Amino acid sequence: MTGSHKKSRIKISTRLSLLSIGLGIACLAILIVIMIAAHSIKELSSQITNDHLQEIAANSRVARDLSKVFADINLVVNNFYGQGDYLLTRGDRILKLIQESASRTTLPTIKSDLQILQKHMRSFLDACTTVNQSIAERVRIEKDMDATLSRLEDTISETMIGQSLDGEDTSFMEQLSLLVFGYRENLLRIENIAAQISFDHFSSMAMSSSHPLIQALEHFKRHLRTLTTSQQHIAMYGQQLSLQSDAYERNVRHLHSSMQRLREHIDILTQSKAVLLEKMATIDARIAQSSRKIVQDIDVAVGRSLMAVFALFGFIILTLFFFTTRFVKAHVQSPLSIILEGIKRFQHGDFSDPLVMDRHDEWAHIQKALNTMAEKLESSYKALRDSEHKYRAIVDNAPDGIFQMEMTGELRNVNDSMANIFGYTDQKELQHDAPSIFHQLYIDATRTTSLFSALRDNPERRHFETPLFTTDGFKAWVSVNARVVETEEATYIEGNIANITDRKHTEMDRDRLRMYLDNIVNSMPSILIAVDPQGMITQWNKQAEAKLGIRSDLAKGTSLARAIPVLAQISEEIQQAIDFQRSCEKHKVPLPLNHESRFTDITIFPLITNSVEGAVIRIDDITDKMRIEEMIIQSEKMLSVGGLAAGMAHEINNPLAGILQAAQVIEMRFDPQLPKNVQVATTCGTTMEAMHQYMEHRRIMKMLTSIREGGERAARIVENMLSFSRKGSSEMARQDITQLMDVTIELAKNDYDLKKNYDFKNIIINRTYDQDLPDIPCEGSKIQQVFFNILKNGAHAMASKKAMADAAYTPTFTIAITQTGNTATVTIEDNGPGIEESLRKRIFEPFFTTKDVGTGTGLGLSVSYFIITDNHNGMMYVDSTPGKGTRFVIKLPFEQDHVKLVQS
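Rendered as structure tokens:
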């Protein structure tokens with residue numbers, strides 16, 4: 001008993017040290033046995049392998065060299081075609097490698113086969129060189145034929161020039177030129193066929209008359225007969241091309257025979273390669289057999305060594321297992337079972353019986369520590385129960401819902417306020433009916449998923465607002481504040497929920513009202529801008545974005561003067577509207593809208609509600625309205641002027657007819673051929689000859705002629721005025737378009753504005769009309785209106801250029817009327833300043849003008865385009881080069897479908 005008591009006082013650490021020493025000795029013994037076995041295996045392996053290594057190494061090197069030789073031969077076969085330098089360098093390398101392999105091998109049969117392979121390789125390289133030489137010769141012949149064709153083209157061109165200068169017929173030479181072009185196409189086709197034929201195809205296919213290349217050459221030579229029968233200086237080129245074609249065909253046939261011989265050499269090389277590969281396979285089989293014998297010998301030696309190691313290792317393992325089992329049972333299992341029984345009592349709250357182990361080693365310290373911990377836990381549990389009672393009262397009385405739930409969404413703990421928010425009487429009813437509240441009561445499941453994802457990404461406190469259902473089926477809004485709590489025992493979510501349904505409804509009503517007002521503001525056609533008393537922009541509607549080109553987010557917070565510098569001029573009116581709470585207006589204010597200057601009406605309203613200071617600026621684009629008003633005024637003027645002109649023309653025609661008739665009667669009264677004139681002259685004591693002589697000396701007859709010609713010219717002007725100012729009936733008749741152009745030019749020369757402002761009579765007008773042009777179906781007055789608008793705009797443009805140009809500049813119109821198929825083409829070209837590309841694209845837009853305000857309405861060319869395209873099914877377009885002039889082109893059909901014509 002005494003001895004047992006003394007033994008139990010030995011520390012566990014001492015016993016573990018003794019056990020570790022025993023394990024170390026056992027491991028050392030195993031290591032020594034393994035080293036002895038490894039040494040014997042090494043000696044045996046060295047003895048077995050040394051006998052075979054030299055033979056294996058030599059054969060392996062020969063096999064490696066042969067692999068390189070065969071790979072290089074394949075590369076040469078695939079890549080020599082037309083590559084002379086590559087063939088020379090790669091061929092020398094292969095011969096050198098075969099020579100080195102033959103001198104290195106110790107096997108007589110391999111050495112003999114390598115020497116045969118070297119001989120066949122030289123023959124193969126010579127055949128490849130012959131093929132490449134034939135290819136080079138073919139390329140040279142192609143270049144010579146191309147050069148001959150080029151010289152032939154030069155000769156034909158020189159001959160054609162000489163014949164043209166001598167006035168001779170050049171049609172034959174032109175046909176020869178086309179024939180030479182066909183020769184060049186045939187030559188290019190021959191070159192393409194030759195270039196696309198691969199070595200395998202060329203060497204395997206028979207070179208008969210059906211071969212595509214031979215057929216192309218025969219076709220080329222047949223077409224040369226026309227050339228050889230031409231003039232002597234042309235025929236010599238045909239003879240030269242014929243000789244070159246024969247040389248080309250001989251080269252192709254020689255190349256074909258060379259490739260066939262090359263194919264024979266390749267077959268011989270392939271046979272030599274197969275013989276060498278077969279012999280190398282035999283060598284490899286012998287090497288493999290030797291290797292298997294080495295492996296078998298090594299396996300026997302390793303097996304014997306492993307048997308000895310396993311026997312020693314088993315003995316040591318059994319010994320260690322016996323001592324270790326006794327040690328663990330006495331010093332680990334027995335005391336550990338006593339400690340586990342005591343811990344179970346502590347878990348159930350039984351701290352009355354302390355642990356008793358009756359040991360004096362390390363377990364005695366553990367016994368003391370556990371008993372001390374049990375005493376402290378008993379005190380802590382009592383304090384925890386008191387604290388839980390206190391905080392439970394606080395949680396249950398809180399107005400907001402407080403919860404704890406698992407990461408899966410199942411509730412762990414809630415207070416009564418949480419249950420009341422969802423329509424339950426208490427927390428137990430809530431946890432019973434909706435244990436997973438965030439999955440069962442949420443209206444939108446994706447919002448629940450978003451909350452959990454956000455908490456997983458960032459465990460810190462998160463704020464979240466969402467709608468959910470209550471027990472009575474109503475939708476309520478709640479505000480959730482939650483965070484992830486991580487403890488050693490579990491990870492869960494805790495937070496609070498507040499009912500924000502009333503606040504949310506108020507916010508939604510406010511948002512709906514804001515959106516409604518924004519839609520009203522953005523739907524208005526006017527530009528609306530709101531500013532505060534400091535002039536900073538607070539509102540910017542869609543029309544402002546579209547017309548001013550500034551996005552709302554960029555404009556807000558910016559001063560009005562900076563966003564729209566032009567409106568800096570009304571900053572005083574804006575301030576007065578804010579200070580005195582009264583509206584003000586400004587009319588016809590120029591403002592850049594959509595990158596062009598527009599006229600606008602600006603109205604400033606003060607903000608006078610909810611103690612919000614500021615002003616609203618409304619900007620209305622009135623440019624089109626102003627232009628329409630000007631157009632109406634101008635149209636009324638033109639109607640009045642047209643009526644006045646028509647009335648004046650009728651009034652002028654009456655006295656003008658009397659003047660013309662009187663002048664004609666006077667000329668007839670002095671005609672000596674009329675008997676009545678001779679009789680009256682005799683009665684008066686004179687003769688008609690004397691009277692006629694008197695009138696010639698006094699130039700009276702010329703005066704009468706001038707009176708008659710002036711009257712006739714005035715009559716034509718009046719007739720043109722009546723034709724131009726007369727309201728048309730919109731019915732078409734066949735008209736002489738050249739006469740319409742001439743009449744319009746005469747009207748332009750007598751137009752008051754063109755006379756006064758542009759001096760139209762000093763403009764040179766060059767006219768070119770096709771003869772025998774058919775009449776076109778049209779409304780004459782409207783076509784005249786189109787011509788007049790173009791001439792007037794051209795005169796205006798040339799006048800502006802003349803004001804800036806030198807004295808040598810002469811304004812000129814070039815007018816051409818031609819027949820193109822079934823249409824008449826009218827071209828009116830001036831030498832004015834031209835039109836920029838950006839303006840040319842918009843020249844036919846209504847109200848677009850580059851003239852000063854009040855000078856033009858921007859409708860002339862727009863109306864002209866409508867008359868030509870819509871009323872007459874024609875075309876109208878403009879070409880212009882800035883600085884050189886502008887050309888208007890009008891195309892009118894000679895026949896109008898589905899149009900009733902009236903007699904002209």
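So for the sequence shown, the UniProt record's numbering puts the first residue at 1; every next one is plus one. Note that the Cβ used here is the ideal one computed from N, Cα and C, for glycine as well. As the structure is a prediction and not an experimental result, all values here were calculated from the model.
Taking three-plus beta-carbon pairs below 8 Å as touching, is the stretch 776-789 in contact with the stretch 735-743?
-> yes
Short Cβ contact (8 Å threshold) for residue 470 with residue 422 = In the sequence shown, counting from the first residue as 1, residue 470 sits at position 470. In the sequence shown, counting from the first residue as 1, residue 422 sits at position 422. Yes, the pair counts as a contact, with Cβ atoms nearer than the cut-off.
Hey, how far is the Cα of residue 169 from the Cα of residue 163?
-> If you number the sequence shown from 1, residue 169 lands on position 169. If you number the sequence shown from 1, residue 163 lands on position 163. Distance between the alpha carbons of residue 169 and residue 163 is about 7 Å.
With which residues is residue 586 paired in a DSSP beta bridge?
-> Position 586 of the sequence shown, counting from 1, holds the residue named residue 586. Per DSSP, 602.
What three-state label does DSSP hand residue 729 in the structure shown?
-> By one-based count along the sequence shown, residue 729 stands at place 729. Residue confidence is low: residue 729 scores 47 on pLDDT, short of 50, so the model does not pin down where it sits. No coordinate-derived value is stated.
Answer yes or no: do residue 603 and residue 591 have a C-beta to C-beta separation smaller than 8 Å?
-> For the purposes of this step, residue 603 is identified with residue 603 of the sequence shown, where counting begins at 1. For the purposes of this step, residue 591 is identified with residue 591 of the sequence shown, where counting begins at 1. No. Outside cutoff.
Rounded C-alpha distance that separates residue 557 from residue 612 = Position 557 of the sequence shown, counted from the start, is the residue given in the question as residue 557. Position 612 of the sequence shown, counted from the start, is the residue given in the question as residue 612. For residue 557 and residue 612, the distance between alpha carbons rounds to 16 Å.
Per-residue DSSP class, three states only, for residue 524 | Within the sequence shown, the letter at position 524 stands for residue 524. In this structure, residue 524 counts as coil in the three-state DSSP scheme.
Determine the direct distance from the alpha carbon of residue 531 to that of residue 616, and round the result to whole angstroms.
-> The residue labelled residue 616 in the question sits at position 616 within the sequence shown. The residue labelled residue 531 in the question sits at position 531 within the sequence shown. Going by the C-alpha atoms only, they are around 6 Å apart.
What is the residue span of the alpha helix (DSSP H) that residue 227 lies within?
-> Counted from its first residue, the sequence shown places residue 227 at position 227. Residues 212-228.
Report the residue from 874, 873, 711, 889 whose alpha carbon sits nearest the alpha carbon of residue 880.
-> As a position in the sequence shown, residue 880 is number 880, starting the count at 1. The shortest Cα separation from residue 880 among 874, 873, 711, 889 belongs to 889.
Given a threshold of 16 other Cβ atoms within 10 Å of its Cβ, counted over all protein chains shown, does residue 174 qualify as buried or as exposed?
-> Translated into the one-based positions of the sequence shown, residue 174 becomes position 174. Exposed, by the Cβ-count rule.
Determine the closest residue to residue 284 out of 62, 139, 432, with distance taken between C-alpha atoms.
-> The residue labelled residue 284 in the question sits at position 284 within the sequence shown. Per the Cα distances, 62.
In chain order, what residues of the same chain lie with their CB nearer than 6 Å to the CB of residue 785, ignoring the 5 residues before and after it?
-> Taking the sequence shown and counting its residues from 1, the one referred to as residue 785 is at position 785. By the criterion of a C-beta distance shorter than 6 Å, residue 785 is surrounded by no residue of its chain, once the five residues flanking it on both sides are discounted.
Would you report the Cα separation of residue 543 and residue 760, rounded to the nearest angstrom?
-> As a first step, residue 543 is located in the sequence shown; it is residue number 543 there, counting from the start. As a first step, residue 760 is located in the sequence shown; it is residue number 760 there, counting from the start. Each residue's Cα considered, the two are about 46 Å apart.
Run the CB neighbour count on residue 621, radius 10 Å, all protein chains shown included, and call it buried at 16 or more, exposed below.
-> By one-based count along the sequence shown, residue 621 stands at place 621. Its Cβ being crowded by 16 or more others within 10 Å, residue 621 is buried.
Contact test: residue 889 Cβ vs the ligand ZN heavy atom, cutoff 7 Å | The ligand ZN is not part of the structure shown, which contains no ligands of any sort.
Rounded C-beta distance between residue 110 and residue 279? I'm assuming under 8 Å.
-> Here residue 110 refers to the residue found at position 110 of the sequence shown. Here residue 279 refers to the residue found at position 279 of the sequence shown. Their Cβ separation, rounded to whole angstroms, is 6 Å, which keeps residue 110 and residue 279 in contact under 8 Å.
Helix, strand or coil: how does DSSP classify residue 888 here?
-> For this step, residue 888 is matched to residue 888 along the sequence shown. It is a strand residue.
Check each candidate in 138, 66, 536 and name the one with the smallest Cα separation from residue 117.
-> Along the sequence shown, read from residue 1 onward, the residue named residue 117 stands at position 117. Of the candidates 138, 66, 536, the one whose C-alpha sits nearest the C-alpha of residue 117 is 66.
At what residue ranges does the stretch 807-842 contain a whole run of the beta strand (DSSP E), taking only runs of 3 or more?
-> 812-820, 823-830
Residues that DSSP places opposite residue 893 in a beta bridge = Stepping through the sequence shown from its first residue, residue 893 is reached at position 893. Looking at the DSSP assignment, residue 893 forms a beta bridge with 823.
How is the beta strand (DSSP E) around residue 778 delimited, first residue to last?
-> Here residue 778 refers to the residue found at position 778 when the sequence shown is read from its first residue. In the DSSP annotation of this structure, the continuous segment of the beta strand (DSSP E) that includes residue 778 starts and ends at 776-778.
Under 8 Å by Cβ, that's how I've got residue 193 and residue 216 pegged, so tell me the actual separation to the nearest angstrom.
-> Walking along the sequence shown from the start, residue 193 turns up at place 193. Walking along the sequence shown from the start, residue 216 turns up at place 216. 6 Å between Cβ atoms; contact.
Spatially closest choice to residue 357 from 376, 346, 336, by CA coordinates | As a working note, residue 357 is residue 357 in the sequence shown. Answer by Cα proximity: 336.
Alpha-carbon to alpha-carbon, residue 573 and residue 865 | Here the question's residue 865 lines up with position 865 in the sequence shown. Here the question's residue 573 lines up with position 573 in the sequence shown. Each residue's alpha carbon lies about 45 Å from the other.
C-alpha distance - residue 101 paired with residue 260, whole-angstrom precision | Indexing the sequence shown from 1 puts residue 101 at position 101. Indexing the sequence shown from 1 puts residue 260 at position 260. When rounded, the distance between both Cα atoms is 30 Å.
Same chain only: Cβ atoms within 8 Å of residue 763, ignoring 5 sequence neighbours per side | As a first step, residue 763 must be located in the sequence shown, where it is residue number 763. Cβ neighbours of residue 763 beyond the five flanking positions: 795, 798, 811, 812, 813.
Any contact of the stretch 406-426 with the stretch 479-499, i.e. 3+ C-beta pairs under 8 Å?
-> yes
Identify whether residue 484 lies in helix, strand or coil by the three-state DSSP scheme.
-> Within the sequence shown, residue 484 is the residue found at index 484, counting from 1. Residue state, collapsed to three classes: strand.
Provide the residue span of the beta strand (DSSP E) that contains residue 845, from first to last.
-> In the sequence shown, the residue the question calls residue 845 occupies position 845. No beta strand (DSSP E) contains residue 845, which DSSP labels as neither H nor E.
Can you grab the Cα-Cα spacing for the pair residue 14 / residue 482, in whole Å?
-> For the purposes of this step, residue 14 is taken as residue 14 along the sequence shown, with counting starting at 1. For the purposes of this step, residue 482 is taken as residue 482 along the sequence shown, with counting starting at 1. Spanning the two alpha carbons is a distance of roughly 55 Å.
Please determine, among 701, 230, 186, the residue with the shortest C-alpha to C-alpha distance to residue 212.
-> Locating residue 212 in the sequence shown gives position 212, counting from the first residue. Taking only the C-alpha atoms, the option nearest residue 212 is 186.
Assuming residue 114 contacts residue 98 under a Cβ cut-off of 8 Å, what Cβ separation, rounded to an integer in Å, is found between them?
-> The residue you call residue 114 lines up with position 114 of the sequence shown. The residue you call residue 98 lines up with position 98 of the sequence shown. At roughly 6 Å, the Cβ-Cβ gap stays under 8 Å, so residue 114 and residue 98 are in contact.
Tell me whether residue 463 sits in a helix, a strand or coil according to DSSP, three-state version.
-> On the sequence shown, position 463 is the one that residue 463 refers to. Correct three-state label for residue 463: strand.
Please report the residue range of the alpha helix (DSSP H) in which residue 334 lies.
-> Translated into the one-based positions of the sequence shown, residue 334 becomes position 334. Here the alpha helix (DSSP H) through residue 334 covers 334-347.
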